[in-house]
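Worksheet: the structure to be examined is printed underneath.
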Amino acid sequence: DKALEAKAVEWTHRLEPLQYFTQHHDLGFMMYCSYGNAYRLTGNKAYRDILIQSAKSLCTRFNKTAGSIKSWNKFVSWHGNKTYEFPVIIDNMMNLELLFFASKQTGDPLYKEIAIKHAETAMKNQIREDYSSFHVVCYDTLTGKVVGRETAQGYADNSTWSRGQAWGIYGFTM
C-alpha cells in the first residue's frame, strides 16, 4: 500500500537526528526497529549509514570497567535513599542487534565486542539463578562492582518485570 509506505517513510525520517543522540541507551529501540526495517525492506544505503552512526553514538555510553552500556544518566532509587550514576536496565539488551548489524556492515569488530561484553555482564549480574532478571543493576565505574540491584518499572526489587524479561530474552537471542 503506497499510502502506508509513504507514511512509514515520513515517520522514519523524523527520527534521523537521533542517530547522534547520546543521552540514553534507547537507540536500538528508536533506530534499529525503524531504520533497520527500512533498510531490510528497501536496501537504501542511506538507512544503513544512519544505523552505523546510531551504533557509534550508542557506543559512547559503554564503560569498559563496568563492561556495560549505561542506560540512563542517573537513577534515583525508589527507596529514596540513593542516586546511582551508572544504571543498566535489562531493556538495554534490545540495543545489541544494532551493534551486531554495525559490525557486520562495517567489518569493525568493536561494535560486536561491546555487544558481547554487555551481554556477558548482564548474564553475570542481571540474571538470577532462576533465570529471571533484575530490572536495574547499578555499577561503580571505577571498580566495575555492582552497587545496587533494584526495579524502576517492576513490582519490587526482587520481582521480575515481564516486559523487561522479554527484552532480555530477545537481546540474548540476538
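Letter by letter, the sequence shown follows residues 83 to 256 of the numbering used here. Glycine included, every Cβ here is placed at the ideal spot set by N, Cα and C.
Residue(s) in a DSSP beta bridge with residue i
i	result
residue 165	158
residue 215	209
residue 232	218
residue 145	150
Whether residue i touches residue j by CB criterion (7 Å)
i	j	result
residue 104	residue 147	no
residue 256	residue 178	yes
residue 129	residue 117	yes
residue 221	residue 137	no
residue 149	residue 223	no
residue 201	residue 217	no
residue 134	residue 107	no
residue 114	residue 180	yes
residue 207	residue 228	yes
residue 176	residue 226	no
Local conformation of residue i per DSSP, three classes
i	result
residue 126	coil
residue 31	A question about residue 31 goes unanswered here, because the residues of the chain that appear run from 83 up to 256.
residue 88	helix
residue 119	helix
residue 252	helix
residue 93	helix
Taking only runs of the beta strand (DSSP E) that begin and end inside the region 165 to 189, which ones reach a length of at least 3 residues, in chain order? 169 to 171
Decide yes or no for the touch test of the region 144 to 159 against the region 90 to 98: beta carbon pairs closer than 8 Å, at least 3 of them. no
Inter-stretch contact (C-beta, 8 Å, three-pair minimum) for the region 170 to 185 and the region 233 to 249: yes
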